[in-house]
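**Q** Read left to right, the sequence shown gives residues 631 to 1040 (this note's numbering).
Virtual Cβ for every residue (Gly too), placed ideally from N, Cα, C.
Pasting a structure here, questions to come.
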Amino acid sequence: VVVQRNSIRRLTSGELGDFRPPTGVSVPIKVDAAHAVTADYLSALLRTVFSDNGRCSRGACGLDHGEAQRRLEEHGPNRISPPKTENKFLKLLKTMFGGILNILLWFCVLAEIILYFSFSGDAKDPVTPIILTCVIVGTALLQWVTELRAESSMQELRAMQGSELVRVARYREGDAAGPEGEVDTVELEPADLVVGDVIFLSAGSRVPADVRVLFCTDGTEVDNSALTGESMPEARINTPESESMNLTEARNLAFFGTTVVKGSATCCIVATGDSTLLGEIATSMQGVMPKSSLEIQVTHFIHLVASFAILLGALVFVANMLSSTKRPFSEVLENCTTALFTQVPEGLLPTVTFSLMVASKEMSKRNVVVKKLDAIETLGCVSVFCTDKTGTLTTGYMSVQEVALPGTGS
631 VVVQRNSIRR
641 LTSGELGDFR
651 PPTGVSVPIK
661 VDAAHAVTAD
671 YLSALLRTVF
681 SDNGRCSRGA
691 CGLDHGEAQR
701 RLEEHGPNRI
711 SPPKTENKFL
721 KLLKTMFGGI
731 LNILLWFCVL
741 AEIILYFSFS
751 GDAKDPVTPI
761 ILTCVIVGTA
771 LLQWVTELRA
781 ESSMQELRAM
791 QGSELVRVAR
801 YREGDAAGPE
811 GEVDTVELEP
821 ADLVVGDVIF
831 LSAGSRVPAD
841 VRVLFCTDGT
851 EVDNSALTGE
861 SMPEARINTP
871 ESESMNLTEA
881 RNLAFFGTTV
891 VKGSATCCIV
901 ATGDSTLLGE
911 IATSMQGVMP
921 KSSLEIQVTH
931 FIHLVASFAI
941 LLGALVFVAN
951 MLSSTKRPFS
961 EVLENCTTAL
971 FTQVPEGLLP
981 TVTFSLMVAS
991 KEMSKRNVVV
1001 KKLDAIETLG
1011 CVSVFCTDKT
1021 GTLTTGYMSV
1031 QEVALPGTGS
């Protein structure tokens, strides 16, 4: 795939062999067929330099510093865009005034205030609206603070994940090393890497972007459990794979977020940031979150309660108006609101919130950070969990749980 000004064109397999980037063509943001082409074709596609049969141990390799800086400015740093965070005060207002139950409770407060100003003398009741307001606001504040703490914990965890420096091949235009000279390498932060960079990975290295393997030692293996769920490390090769092969199955690719567990490899970066496979997964998960089962059940329950309460209030109003005893309008309004209030579950909101907070505290004891309180109830509703991979759910390795010795009777 090449990007030329405002147009995008996908190269066919036949064009790859003769392709040389024309003047004015920007560097590809991602090469979908990187696993199916040879190193020479990839070098032409990305306008980068490989030497020593992909080992890049001698001569000019990778990108020159000026071109690398231009690509970094054009495409941005090698980071996955964090999810958009909502303003915390706007989130508090949504927690306090959003939801059918909150709306119903605020309606009760408003009706109580109207009654307070409608009556005169000792019949006024300022306590009920004040207590109800305190319940709504207090419950919203507790939920808001709990979720803010969870978000803060997630940010602290991300900050603790320090990124190791990556060894990169770079040269300067006009004074690059000759064919027999040693390659010029620098150590950079993963965020400073760009498409076309040649990097060197060894056992224990974390893959900083989606890369194509140019050269690897025999027995080089990569742990893909964080991405594919495969608990066993997978061998890497440097020869082209079939174009129809799934990218995650291509043995000459390594993906951002995985780890080299054995051997060493020289690789060329073919995708960075949001264009990586992990970045695409993260982007797809940033859409609108569906309602939890708890939200659906509470909403359905409140709809029933609200419908019954409004119907009962309307019937009381009609009965008072048709009664032979003539009552002032303020008394009729009081009778209607009294009938309405008796049906509204004022204690439901704090009860649900406190229950979820207790469950959240129990989850934190098991090293689980709950970002949204409703998620706890959803997790509790799961009775059967079906999965074909365990590496993404567990620690990724097998361990001994029981030992049975012969002759011991155990």
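Checking the sheet assignment: what are the DSSP bridge partners for residue 851?
**A** 865 and 892
**Q** Ordered along the chain, which non-local residues of its own chain (more than five positions away) have a Cβ less than 8 Å from that of residue 847?
**A** 893, 894 and 895
**Q** Please go through the region 934-978 and give each complete beta strand (DSSP E) segment of 3 or more residues, from N-terminal end onward.
**A** none
**Q** Look up residue 825 in the DSSP assignment and say whether it is helix, strand or coil.
**A** coil
**Q** Specify the secondary structure class of residue 772 as computed by DSSP and reduced to three states.
**A** Residue 772 falls in the helix class under three-state DSSP.
**Q** If you measure between the beta carbons of residue 728 and residue 827, is that distance less than 8 Å?
**A** no
**Q** Measuring CA to CA, which of 738, 698 and 775 is closest to residue 983?
**A** 775
**Q** Any idea if residue 876 is buried or exposed, counting beta-carbon neighbours within 10 angstroms, 16 or more meaning buried?
**A** exposed
**Q** Exposed or buried, which one is residue 841 when buried takes at least 16 other CB atoms within 10 Å?
**A** Flag for residue 841 reads buried.
**Q** By the three-class DSSP mapping on this structure, what secondary structure does residue 689 have?
**A** coil
**Q** With DSSP collapsed to three states, give me the class of residue 1015.
**A** In the three-state scheme derived from DSSP, where H, G and I count as helix and E and B as strand, residue 1015 is classed as coil.
**Q** Nearest by alpha-carbon distance to residue 834: which of 1002, 889 and 905 is it?
**A** 889
**Q** Is residue 657 buried or exposed, if buried means 16 or more other CB atoms sit within 10 Å of its CB?
**A** Note that residue 657 has pLDDT 46, beneath the 50 cutoff, so the model's placement of it is unreliable and the number below is only indicative. Residue 657 should be labelled buried.
**Q** Cα-Cα, which of 1013, 863 and 880 is closest to residue 870?
**A** 880
**Q** Assuming contact is defined by CB atoms lying nearer than 8 Å, are residue 891 and residue 838 in contact in what I supplied?
**A** With respect to the 8 Å criterion, residue 891 and residue 838 are not classified as neighbours on the basis of their beta carbons.
**Q** So, are the CB atoms of residue 682 and residue 801 less than 8 Å apart?
**A** No.
**Q** Taking the alpha carbon of residue 942 as the reference point, which residue from 926, 972 and 720 has its own alpha carbon closest?
**A** 972
**Q** Under the rule that 16 or more other beta-carbon atoms within 10 Å means buried, what is residue 928, buried or exposed?
**A** buried
**Q** Which partner residues does residue 883 have in the DSSP bridge list?
**A** 842
**Q** Which of helix, strand or coil does DSSP assign to residue 800?
**A** strand
**Q** How would you label residue 1029, buried or exposed, when you count the other beta carbons within 10 angstroms and need 16 or more for buried?
**A** exposed
**Q** With a 10 Å radius around its C-beta and 16 neighbouring C-beta atoms as the bar for buried, classify residue 699 as buried or exposed.
**A** exposed
**Q** Leaving out five residues before and five after residue 976 in sequence, what residues of the same chain have Cβ atoms less than 8 Å from its Cβ?
**A** 735, 738, 762 and 765
**Q** DSSP state of residue 996, grouped into three classes?
**A** coil
**Q** Quick one: residues in its chain with C-beta nearer than 6 Å to the C-beta of residue 1035, no 5 flanking neighbours on either side, listed in chain order?
**A** none
**Q** Look at the Cβ atom of residue 814, then the Cβ atom of residue 799, and state whether they are nearer than 8 Å.
**A** yes
**Q** Roughly how many angstroms lie between the CA atoms of residue 908 and residue 921, to the nearest whole one?
**A** Going by C-alpha positions, residue 908 is about 25 Å away from residue 921.
**Q** So which of 1001, 1032 and 743 has the shortest CA-CA distance to residue 781?
**A** 1001
**Q** Assuming residue 815 is part of the alpha helix (DSSP H), what are its boundary residues?
**A** Not the alpha helix (DSSP H): residue 815 falls in the beta strand (DSSP E), residues 815-818.
**Q** With which residues is residue 735 paired in a DSSP beta bridge?
**A** Residue 735 pairs with nothing; no bridge assigned.
**Q** Spatial neighbours of residue 730 within its chain, please: CB distance less than 6 Å, with the 5 preceding and 5 following residues excluded, ordered by chain position.
**A** So the qualifying residues of the chain are 929 and 932.
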